[in-house]
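*Asks:* After the structure tokens below, expect a handful of questions from me.
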Amino acid sequence: MGAFIELDRVEKVFDVRKRTGFLKREVRRVRAVDSISFTVARGEMVGYIGPNGAGKSTTIKMLTGILTPSGGRLRVAGIDPSRERMRLAHRIGVVFGQRTTLWWDLPLIDSYRLMHRMYRIPDARYRENLDRLVELLGLGALLDVPVRQLSLGQRMRGDIAAALLHDPEVLYLDEPTIGLDVVSKARVREFLRELNAERGTTVLLTTHDLQDIEQLCSRVMVIDHGRLVYDGALAGLHEAGGGERTLVVDLARELPPIEAGPTARVVKVDGPRQWLAFPASESAAPLVARIAAEYPLVDLSVREPDIEAVIAKMLSSMGDASVPAPGRETVVPGAQSS
Amino acid sequence: MGSARLYAAVAVGGFRRYATYRAATVAGVFTNTVFGLILVYTYLALWDERPHLGGYDQAQAVTFVWLGQALYATLAIQGGGFESELMERVRTGDVAIDLYRPADLQLWWLAGDLGRSLFQLIGRGVVPFVVGVLFFPTALPDDPLLWLAFLVAVVLAMVVSFAIRFLVALSGFWLMDGTGASQVLMVTGMFCGGMALPLNAFPGALGEVVRQLPWAALLQMPADLLMGEADPLSVFAFQAGWAVVLLGVGRLVQSAATRRVVVQGG
Amino acid sequence: MGEGGRTAVGVRAYWLIAGMWIRSTLAYRVSFALTALGGLVVTGLDFVAILLMFAQVDALGGYTLPEVAFLYGLSATSFGLADLLIGSAERLGRRVRDGSLDTLLVRPAPVLAQAAADRFALRRVGRVTQGALVLGYALVALDVGWTPVKVLLLPVMLVGGAGIFGAVFVAGAAFQFVAQDASEAQAAFTYGGQTLLQYPPTVFGKELVRGVTFMVPLAFVNWVPAAHVLGRPQPLGLPGWAAFVSPLVAVACCALAGLAWRAGLRSYRSTGS
């Protein structure tokens with residue numbers, strides 16, 4: 001099947017007015033999205049990531065018909081979103097992570113009834129979809145509860161269901177796991193995986209959580225300063241960014257730094273605990289096996305690199321020195337010691 | 001001395017915060033000017049029919065209108081100051097944080113609201129007043145001392161206005177929904193504050209009563225003082241009396257509310 | 001989708017959303033009853049102020065109390081209808097600022113219908129009720145020779161007036177696309193206009209009357225058509241037939257407001273602010 005989402009040199013230019021004096025104003029032209037081209041096939045699950053203000057939301061807003069592009073060609077399901085916003089609305093689902101579209105004071109089910117009628121969903125299909133979503137997202141006990149009494153995780157699941165009742169072909173998720181606890185995150189991810197696998201729904205998600213991407217997306221796009229700087233598999237992103245994962249090893253006693261082959265190196269020692277950095281693209285299994293065979297191993301864990309750190313590293317390796325490295329550097333100890 | 005500096009900083013913060021809403025200030029000036037125009041014409045017609053109604057001549061009635069528009073936002077006559085924010089904090093329970101702060105709740109909000117009042121006196125009051133004075137016959141004194149006394153009365157009015165709204169905001173501790181309390185504030189402000197008709201033009205016993213209520217301290221008293229219709233010292237005494245009573249009641253209600261929060265565990 | 005289909009979708013979405021808000025409101029019945037009652041008192045106070053004035057005078061600008069009550073009733077009722085149906089559009093600036101306008105743009109319904117139905121406040125029925133009560137009093141107290149044309153003019157005035165006020169609300173909302181913090185300026189035309197029309201045109205300066213006749217044609221809400229009913233000369237020496245053009249003025253105002261809204265929405269979608 002051909003491209004479902006198509007962007008050809010899409011641009012979005014804003015004039016930002018800044019007050020510089022009492023009456024003086026300075027107008028600055030900002031390219032929020034600068035000639036971006038990509039296509040997404042039907043049924044793909046794509047992560048769309050980048051630092052804050054890179055142009056992520058602007059792209060999503062153009063894809064959903066909220067904003068009109070300043071230039072270039074954009075099609076979703078063959079529809080020009082900005083021209084046929086309402087026709088497109090029937091075919092897409094949108095979840096804004098930090099903004100619920102559910103009715104605050106009414107039971108959850110009332111919001112779904114509104115969707116039923118507003119999207120003119122045939123009765124049989126509505127009932128079928130509702131039953132399935134309620135089961136998969138575990139909403140059964142919540143349908144009669146006013147939305148204001150739901151926890152953040154419950155509300156997010158409720159919002160996702162609301163966005164899917166009309167069988168959209170593509171689902172846009174803006175930070176779907178932000179603020180959720182570990183269990184809720186796992187549940188949302190599990191659901192999205194099944195949705196994509198069983199219904200073939202195309203999913204495009206923005207996130208700050210690298211685990212969202214790792215567990216869900218076969219493909220990642222990185223945007224920075226309005227430009228697409230990476231488009232490919234997650235493993236490739238690790239390579240492009242020189243990403244390293246960290247193995248945290250607890251030994252039975254204090255020992256000199258572990259020697260564990262050519263690709264891993266100890267970056268920190270604190271008593272019996274040692275931190276080893278190794279390439280993110282490699283499996284941790286052989287490394288763990290080697291250490292377990294030669295050292296008195298008590299416990300260990302693998303730490304994933306932080307998404308912002310990976311991006312920052314990738315950008316700096318591309319020679320873009322203007323980008324400051326954001327993120328929590330402690331998560332990538334390799335970056336500190338080198 | 002340290003705490004005086006703290007409250008001064010809070011007041012400056014209140015001033016600055018409202019100073020950033022430029023478009024809103026311009027919009028407010030425009031709206032106050034339009035309402036002033038409408039009221040001035042109706043009052044002129046009214047005083048045409050009944051010269052010296054309430055002891056005012058036409059120029060005094062016009063002056064009263066423009067003083068009302070100038071002080072409308074400053075004195076938050078129909079609400080619109082800190083109280084909606086405090087009510088929201090009461091509703092969400094964030095007020096518990098305020099209660100444990102080393103600053104006094106009432107003084108803290110008073111300082112911030114005085115800062116707001118001062119900004120709105122300058123930002124929203126001056127222009128409608130000047131427009132009114134330029135285009136309509138007004139009755140303003142030449143004596144600078146009278147103007148000074150007027151400013152003192154306006155500051156006292158700010159305090160009385162705050163004390164009223166503080167009580168309204170604290171009602172949120174006992175009422176579920178702040179809409180009703182805000183409505184009461186709007187009604188009393190408009191009617192007893194003299195925004196609908198100067199209080200001296202109220203007929204009979206209704207007039208007698210309404211002129212003794214705290215809302216008379218907001219617009220009516222300073223206006224009468226400025227136009228030489230009232231003795232400055234008795235105006236100050238009336239205003240200060242209500243300020244002390246209302247702030248005192250506010251303290252009592254505040255401590256009752258604090259106990260309530262403590263008992264409920266925040 | 002044609003223009004007609006779009007309108008139908010909009011009206012349908014409007015009632016769906018308004019219905020949700022009514023049910024939300026009724027979730028707190030006591031609070032609703034109190035605020036509705038309070039609203040009735042609040043809005044009635046400006047008529048009490050008029051009564052207080054007439055306690056001291058027999059006429060205002062040459063109009064008697066029943067005549068002023070007639071103007072008041074027409075102004076308050078048609079304003080109340082517009083406010084009830086479309087007054088929520090006033091919150092547009094806030095929606096732009098907090099970004100919640102975006103959630104309306106991904107729904108299969110016109111944004112204006114959704115924005116107008118947002119927070120549909122049933123308590124605003126209070127203003128309509130109170131205006132209608134005063135209008136009822138005026139109809140009883142007025143000493144007017146009723147003709148079929150005059151009787152027919154009553155509903156025409158109310159609908160036309162609601163249309164004109166509605167257009168003002170929409171135009172004000174459209175302006176907030178450009179200046180998000182300026183929602184208070186709108187009050188000068190909506191609440192200010194309503195207050196202005198409660199008094200006879202003879203009270204006001206010529207320039208002001210000209211302004212609200214030819215620039216923002218609020219005079220067609222009641223002043224101009226009511227002049228025919230009350231048998232008074234038209235303001236500004238307008239021809240007698242002017243009393244019957246209120247619906248046309250309303251349609252023209254709504255069309256202009258619609259264009260302004262479109263321009264505003266287009267500018268939002270191209271600038272994102």
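Protein chains in written order, with UniProt numbering: chain V, 1 to 338; chain W, 1 to 266; chain D, 1 to 273.
A virtual CB, placed ideally from N, CA and C, is assigned to each residue, including glycine.
#1: DSSP three-state label for residue 253 of chain W, please.
#2: Where are the beta strand (DSSP E) runs, 3 residues long or more, that stay fully inside the region 176-226 of chain V, in chain order?
#3: Helix, strand or coil for residue 72 of chain V, going by three-state DSSP, please let me know.
#4: Please work out which residues of its chain come closer than 6 Å, Cβ to Cβ, to residue 194 of chain D, disregarding the five sequence neighbours upstream and downstream, and give them in chain order.
#5: Would you tell me roughly how many angstroms separate the C-alpha atoms of residue 41 of chain V and residue 50 of chain V, rounded to the nearest one?
#6: The alpha helix (DSSP H) spanning residue 275 of chain V covers which residue range?
#7: Chain V beta carbons: is any one of them nearer than 9 Å to that of residue 181 of chain D?
#8: Just to confirm my understanding: we take residue 257 of chain W, look at its own chain, exclude 5 residues before and 5 after, and list those with CB closer than 6 Å. What are they?
#9: With DSSP collapsed to three states, give me the class of residue 251 of chain V.
#10: Taking 6 Å as the limit between beta carbons, can you name the residues of its chain near residue 171 of chain D, skipping five residues before and five after?
#11: Do you know how far the Cα of residue 182 of chain D is from the Cα of residue 358 of chain V?
#12: Taking only runs of the alpha helix (DSSP H) that begin and end inside the region 89-116 of chain D, which ones reach a length of at least 4 residues, in chain order?
#13: Are the C-beta of residue 24 of chain D and some C-beta of chain V separated by less than 9 Å?
#14: Give the residues of chain W in contact with residue 46 of chain D, contact being defined as C-beta atoms less than 7 Å apart.
#15: Against chain W, does residue 218 of chain D count as a neighbour if the rule is that its beta carbon must be under 9 Å from one of theirs?
#16: Skipping 5 residues on each side, what residues in its chain have a beta carbon closer than 6 Å to that of residue 100 of chain V?
#17: Taking the Cβ atom as the reference point for each residue, do residue 118 of chain D and residue 97 of chain D lie within a distance shorter than 9 Å?
#18: Within 9 Å (strictly less), CB to CB, does residue 89 of chain V reach chain D?
#19: Counting only beta-carbon separations shorter than 9 Å, does residue 114 of chain V have a partner in chain D?
#20: Nearest to residue 217 of chain W by alpha carbon, out of W:242, W:207, W:135, W:99?
#21: Who are the Cβ neighbours of residue 253 of chain W in its own chain at under 6 Å, not counting the five residues just before and after it?
#22: Note down, in chain order, all residues in the region 111-144 of chain V with a beta-carbon under 7 Å from any beta-carbon belonging to chain D.
#23: Quick one: which chain D residues come within Cβ less than 7 Å of residue 101 of chain V?
#24: In the structure shown, what three-state DSSP assignment does residue 331 of chain V receive?
#25: Please indicate yes or no: does the CB of residue 206 of chain W lie closer than 8 Å to some heavy atom of the ligand HEM?
#26: Per DSSP, what kind of secondary structure is residue 11 of chain V in: helix, strand or coil?
#27: Relative to the alpha-carbon of residue 131 of chain V, which residue among V:114, V:150, V:111, V:161 has its alpha-carbon at the smallest distance?
#28: Which of the three DSSP states is assigned to residue 292 of chain W in this structure?
#29: Find the residues of chain D that neighbour residue 68 of chain V, judging by a C-beta separation of less than 9 Å, and give them in chain order.
#30: For the alpha helix (DSSP H) containing residue 9 of chain D, name the first residue and the last one.
#31: Taking beta-carbon pairs under 7 Å, can you tell me which members of the region 30-59 of chain W lie near chain D?
#32: Considering only residues of the same chain and omitting the five flanking positions on each side of residue 322 of chain V, which have a CB-CB separation below 7 Å?
#33: If you follow the beta strand (DSSP E) that residue 32 of chain V is part of, which residue opens it and which one closes it?
#34: Between residue 48 of chain W and residue 58 of chain W, is the Cβ-Cβ spacing less than 9 Å?
#35: Quick one: is residue 215 of chain D buried, meaning 16 or more other Cβ sit within 10 Å of its Cβ, or exposed?
#36: Check the Cβ-Cβ distances between residue 61 of chain D and every residue of chain W, and say whether any is below 9 Å.
*Replies:* Taking the definition as stated:
#1: As a first step, residue 253 of chain W must be located in the second sequence, where it is residue number 253. Residue 253 of chain W falls in the helix class under three-state DSSP.
#2: Listed in chain order, the beta strand (DSSP E) runs fully inside the region 176-226 of chain V are 202-206, 219-224, counting runs of at least 3 residues.
#3: Numbered from 1 along the first sequence, position 72 holds the residue referred to as residue 72 of chain V. DSSP places residue 72 of chain V in strand when its eight states are reduced to three.
#4: In the third sequence, the residue the question calls residue 194 of chain D occupies position 194. So the list reads 75, 79, once near-sequence residues are dropped.
#5: On the first sequence, residue 41 of chain V is found 41 positions in, with the first residue counted as 1. On the first sequence, residue 50 of chain V is found 50 positions in, with the first residue counted as 1. Whole-angstrom Cα-Cα distance: 21 Å.
#6: Position 275 of the first sequence holds residue 275 of chain V. For residue 275 of chain V, there is no enclosing alpha helix (DSSP H); the residue is part of the beta strand (DSSP E) that begins and ends at 273-279.
#7: Start at 1 with the first residue of the third sequence, and residue 181 of chain D comes out as number 181. Residue 181 of chain D does not count as touching chain V.
#8: The residue you call residue 257 of chain W lines up with position 257 of the second sequence. Contacts found: 170, 173.
#9: Here residue 251 of chain V corresponds to residue number 251 of the first sequence, with the count starting at 1. In this structure, residue 251 of chain V counts as strand in the three-state DSSP scheme.
#10: The residue given as residue 171 of chain D occupies position 171 in the third sequence. So the qualifying residues of the chain are 257, 260.
#11: It is not possible to answer for residue 358 of chain V, since the shown part of chain V is limited to 1 through 338.
#12: 92-98, 101-105
#13: The residue you call residue 24 of chain D lines up with position 24 of the third sequence. For residue 24 of chain D, the nearest beta carbon of chain V is closer than 9 Å to its own beta carbon.
#14: Here the question's residue 46 of chain D lines up with position 46 in the third sequence. Those within 7 Å of residue 46 of chain D in chain W are 196.
#15: Taking the third sequence and counting its residues from 1, the one referred to as residue 218 of chain D is at position 218. Closer than 9 Å: no.
#16: Here residue 100 of chain V is taken as the residue at index 100 of the first sequence, counted from 1. For residue 100 of chain V, the CB contacts under 6 Å within the same chain, skipping 5 residues up- and downstream, are 155, 159 in chain order.
#17: Start at 1 with the first residue of the third sequence, and residue 118 of chain D comes out as number 118. Start at 1 with the first residue of the third sequence, and residue 97 of chain D comes out as number 97. No, these two residues do not count as a Cβ contact at 9 Å.
#18: Taking the first residue of the first sequence as 1, we reach residue 89 of chain V at position 89. Yes, its Cβ sits closer than 9 Å to a Cβ of chain D.
#19: Locating residue 114 of chain V in the first sequence gives position 114, where the first residue counts as 1. At a cut-off of 9 Å between beta-carbon atoms, residue 114 of chain V makes contact with chain D.
#20: Taking the first residue of the second sequence as 1, we reach residue 217 of chain W at position 217. Minimum Cα distance to residue 217 of chain W is reached at W:242.
#21: To locate residue 253 of chain W, count along the second sequence from 1; it is residue 253. Excluding sequence neighbours, residue 253 of chain W sits near 170.
#22: 114, 117, 118, 119
#23: Looking up residue 101 of chain V in the first sequence gives position 101. Here the neighbours are 103.
#24: Sequence index remark: in the first sequence, residue 331 of chain V carries index 331 (1-based). Any reading at residue 331 of chain V needs caution, since the residue's pLDDT is 28, under 50, leaving its predicted position unreliable; the model's value is listed next. The answer is helix: DSSP assigns residue 331 of chain V an H, G or I state.
#25: Only the bare structure without any ligand can be found here, which leaves the ligand HEM out of the picture.
#26: Residue numbering aside, residue 11 of chain V sits at position 11 when the first sequence is read from its first letter. Three-state result, residue 11 of chain V: strand.
#27: As a first step, residue 131 of chain V is located in the first sequence; it is residue number 131 there, counting from the start. Checking every option, the nearest Cα to that of residue 131 of chain V belongs to V:161.
#28: The structure shown has nothing for residue 292 of chain W, since chain W only spans 1 to 266.
#29: Mapped onto the first sequence, residue 68 of chain V falls at position 68. Simply 266, 269, 270.
#30: Position 9 of the third sequence, counted from the start, is the residue given in the question as residue 9 of chain D. Under the DSSP assignment, residue 9 of chain D falls in the alpha helix (DSSP H) whose first and last residues are 3-26.
#31: 30, 31, 34, 35, 37, 38, 41, 42, 45, 46, 49, 50, 53
#32: As a position in the first sequence, residue 322 of chain V is number 322, starting the count at 1. Because residue 322 of chain V sits at a pLDDT of 40, beneath the cut-off of 50, its placement in the model cannot be relied upon, and the following sentence gives the value as read from the coordinates. Cβ within range, chain order: n/a, list empty.
#33: Reading the first sequence from its first residue, position 32 is the one you call residue 32 of chain V. Residues 25-41.
#34: Counting from one through the second sequence, the residue named residue 48 of chain W turns up at place 48. Counting from one through the second sequence, the residue named residue 58 of chain W turns up at place 58. Taking 9 Å as the Cβ cut-off, residue 48 of chain W and residue 58 of chain W qualify as a contacting pair.
#35: Taking the third sequence and counting its residues from 1, the one referred to as residue 215 of chain D is at position 215. Result: exposed.
#36: Here residue 61 of chain D corresponds to residue number 61 of the third sequence, with the count starting at 1. Cβ-Cβ to chain W under 9 Å: yes for residue 61 of chain D.
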